[in-house]
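Working notes, structure below.
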Amino acid sequence: MNICYLLIGGNEGDRERRLTEARTRISTGAGAIRKTSFLYETAPWGNPDQSWFLNQALQLGTEHDARTLMSVLLGIEKSMGRTRLEKNGPRPIDIDILFFNDAVLREPGLIVPHPEIPNRRFVLEPLDEIAPSYIHPVLGLSVHQLLGACTDPLEVKRLDSKSHA
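This is the structure in structure tokens:
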């Protein structure tokens with residue numbers, strides 16, 4: 221069994237419904253969701269001229285290897301209407317692999333751990349909720365330490381729901 225951490229999010233349509241649908245599809249096609257963070261409303265990163273995002277961190281147990289998991293997740297995004305037209309642009313759903321076991325992978329189309337983890341508060345806050353002591357396999361710092369050192373000024377608001385459906 222492989223343990224990985226994902227971040228799901230989106231800023232188009234009914235954001236909460238889309239996250240619920242993404243969790244259902246992930247559970248069906250990728251593996252068992254073991255932990256979920258609260259939902260977080262977050263300012264858009266990299267392109268401020270768009271709606272705020274709703275994000276959530278997940279811990280997933282999967283039998284897939286990292287490459288297969290990435291393929292499954294990209295298929296879920298596509299089936300939910302995701303098109304990649306604009307870097308950091310609006311999207312109905314986004315599913316990122318943050319960590320996969322303690323793997324360090326640098327392959328075309330698959331970089332694990334996600335290279336932007338230490339720079340993005342909207343990733344670190346929900347991840348800190350479910351995995352504060354997880355050690356980044358490249359940086360050697362815990363998620364909680366990375367959050368403490370993060371200089372990203374964008375607003376991240378925890379909502380009062382984990383939105384389990």
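Heads up, the sequence shown is in my numbering, so the first residue is 221 and it goes up one at a time.
Think of the CB as a built atom: it goes at the ideal place given N, C-alpha and C, for glycine as much as any other residue.
Exercise for the section: Could you check what DSSP says for GLN365 in three-state terms: helix, strand or coil? Expected result: Here GLN365 sits in helix by DSSP.
Problem - Contact check, ALA277 vs LEU347, beta carbons under 9 angstroms - result: yes
Practice task
Below 6 angstroms CB to CB, which residues in the same chain sit around LYS255 once its five sequence neighbours on both sides are set aside?
Solution key: GLN279 and ILE350
Handout entry: Beta-carbon gap between PHE319 and PRO333 smaller than 9 angstroms
Key = yes
Practice task
Check ALA164 in the structure and name its three-state DSSP category.
Solution key: Here the chain comprises residues numbered 221 to 385, so residue 164 is not present and cannot be evaluated.
Problem - For ASN321, the three-state DSSP class (helix, strand or coil) - result: coil
Handout entry: Min CB distance ASN267 to chain B below 9 angstroms
Key = This model lacks chain B altogether, as it is built from one protein chain only.
Handout entry: Which of helix, strand or coil DSSP assigns to THR282
Key = Annotated three-state conformation of THR282 is strand, per DSSP.
Handout entry: Inter-residue spacing [alpha-carbon to alpha-carbon] between THR244 and ASP372
Key = 31 angstroms
Practice task
Mind checking who ARG340 pairs with in its DSSP beta bridge?
Solution key: Paired residues: none, contrary to the question.
Problem - Reduced DSSP category for ILE313 - H, G, I as helix; E, B as strand; rest coil - result: coil
Handout entry: Residue burial classification, LEU353 (beta-carbon count within 10 angstroms, cutoff 16)
Key = It is worth fixing the name first, because residue 353 is Ser in this sequence and not Leu. SER353 should be labelled exposed.
Problem - Span of the beta strand (DSSP E) around VAL358 - result: First-last for VAL358: undefined, no H or E at that position.
Handout entry: Residue interval of the beta strand (DSSP E) (run including THR256)
Key = 252-256
Practice task
Give a yes or no on contact between the segment 279-289 and the segment 309-329, applying the rule of three or more CB pairs nearer than 8 angstroms.
Solution key: yes
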